[in-house]
Amino acid sequence: MTQIDDGNTDRKTHLHKGQKIAKWDVREKLGEGSFGDVYLVKNSAGASFAMKTEKIDDNPSALKIEVYVLTNLSRMNSTHFCKIEDCGTFSNFRYIVMTLVGPSLQELRRKNSSEKFSMGTALSVGVKCVGAIEELQSLMGVLHRDIKPGNFAIGDPNKRQIYLIDFGMARQFLDSEGKILPPRLSVGFRGTFRYASISCHIARELCRKDDLESWLYMQIEFTRGRLPWKDLKTQDEVCQLKQRCRDDDKLNELFGGCPQEYVEIMRYLETVQYTDKPDYSKLKLFNKLKYRIMAQRFFGVETEKMKFGTVIAVL
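When the letters of the sequence shown are read in order and numbered with the UniProt record's numbering, they come out as residues 1 to 315.
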């Protein structure tokens with residue numbers, strides 16, 4: 001799989017409302033990222049889709065990776081990924097048209113004054129996000145390498161689905177024979193400081209457990225509303241605090257107010273080696289946890305009974 005050079009930020013396109021790209025009518029700009037822009041487009045029948053664009057230049061194409069991943073996952077009947085409707089080139093840019101998803105989990109979390117979800121929502125979301133990561137890794141042999149709330153979005157409210165999106169930093173970890181690629185001696189940073197695994201901070205080759213470590217940080221934020229390194233500015237500071245929070249006498253700094261199972265998941269991930277396939281079921285303890293959470297002792301906090309089942313955006 002083609003790799004992406006992080007650092008590339010000048011790949012924007014400037015489409016306008018009413019512009020026609022192939023058979024697609026541009027309606028509005030939805031957002032932008034490191035590798036291009038996203039627009040709302042409609043087909044001749046008036047159905048809405050998302051169009052991602054990227055300028056054609058000498059840099060590796062993030063959209064080619066997106067097409068590779070999503071096309072193959074679609075053939076495998078995956079449930080957590082967008083379907084590609086069209087792809088091609090137009091003028092000086094590439095484009096792909098895909099399923100239009102709803103707001104990201106980051107947007108939904110920030111809509112709450114506490115910037116966290118209810119416990120029921122956090123647990124339900126957590127299980128679905130693990131399912132998406134498992135599908136990507138198990139069906140495709142691919143690491144996402146930028147797991148964060150902004151890269152998960154809700155879909156059709158009637159299906160209560162969560163989508164994993166944005167594969168610009170993805171990397172295949174299996175070779176053509178299905179064997180795990182040997183780790184490189186040193187790699188550049190991939191991901192987002194707040195959610196990156198410790199291995200990412202110290203320039204190690206990432207493996208399957210690193211996506212899951214990023215998921216755990218995300219899950220803690222859903223539950224508590226913040227991570228202790230939120231306001232730190234440098235990569236080194238964030239890494240040092242992530243390492244310190246693993247000490248037994250510092251666990252409350254990271255896990256205060258979270259179920260004990262979160263700590264158990266972290267300790268389990270610490271045992272997973274580069275070539276190991278994670279036991280994803282260990283990270284789906286939340287299904288059982290939801291049914292006994294009424295009497296659950298939280299790490300560092302004793303809580304009263306809480307109601308569950310109210311799920312933001314009907315997740």
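Beta carbons: idealized from backbone N, C-alpha and C, even for Gly. The model shown is predicted, which means the values in this text are computed figures rather than measured ones.
By the Cβ neighbour-count rule, Thr-89 is exposed, with fewer than 16 other Cβ atoms within 10 Å of its own. By the neighbour-count criterion, in which 16 or more other beta carbons inside 10 Å mark a residue as buried, Ser-114 falls on the exposed side. Note on Glu-264: under 16 other CB atoms within 10 angstroms of its CB, so exposed under the neighbour-count rule.
Considering only Leu-241, Leu-285, Arg-224 and Ser-199, the residue with the shortest C-alpha distance to Tyr-274 is Ser-199. If you check the CB distance, Cys-82 and Leu-70 come in under 8 Å. In terms of Cα proximity to Arg-94, the closest of Lys-116, Arg-145, Lys-42 and Val-38 is Val-38.
Annotated three-state conformation of Gln-19 is coil, per DSSP. Under DSSP, Tyr-39 forms a beta bridge with Lys-29 and Met-51.
Across the structure, Asp-231 and Cys-239 are spaced so that their CA atoms are roughly 13 Å apart. Taking C-beta separations shorter than 7 Å and ignoring five residues to either side along the sequence, the partners of Glu-253 in its chain run Pro-228 and Cys-245, following chain order. The closest CA to that of Thr-13, considering only Val-272, Arg-224, Lys-29 and Leu-100, is found on Lys-29. Exposure of His-16 is indicated by the presence of fewer than 16 other C-beta atoms within 10 angstroms of its C-beta.
Distances from the CA of Arg-267 to each of Lys-209, Gly-225 and Val-26 were compared; the closest alpha carbon is that of Lys-209. When DSSP states are grouped into helix, strand and coil, Gly-257 belongs to the coil group. Counting only runs of at least 4 residues, the region 176-242 fully encloses the following alpha helix (DSSP H) elements, listed from N- to C-terminal order: 198-201 and 208-224. Distance check between Cys-258 and each of Phe-193, Phe-117 and Leu-108 places Phe-117 closest, using alpha-carbon atoms only. Between the region 65-79 and the region 157-172, the count of C-beta pairs closer than 8 Å reaches three or more; the two stretches touch. Per DSSP, Gly-131 is one residue of the alpha helix (DSSP H) stretching across 119-140. Pro-278 counts as buried, since at least 16 other C-beta atoms from the protein chains shown sit within 10 angstroms of its C-beta.
In the three-state reduction of the DSSP assignment, Thr-71 falls in the helix class. At a Cβ-Cβ threshold of 8 Å, Ser-214 and Ala-203 do not count as neighbours. For Gly-46, the number of other beta carbons within 10 angstroms of its own is below 16, and it is reported as exposed. Straight across, the Cα-Cα distance linking Leu-123 with Thr-271 is about 23 Å. When only Cα atoms are considered, Ala-22 and Arg-226 end up about 43 Å apart.
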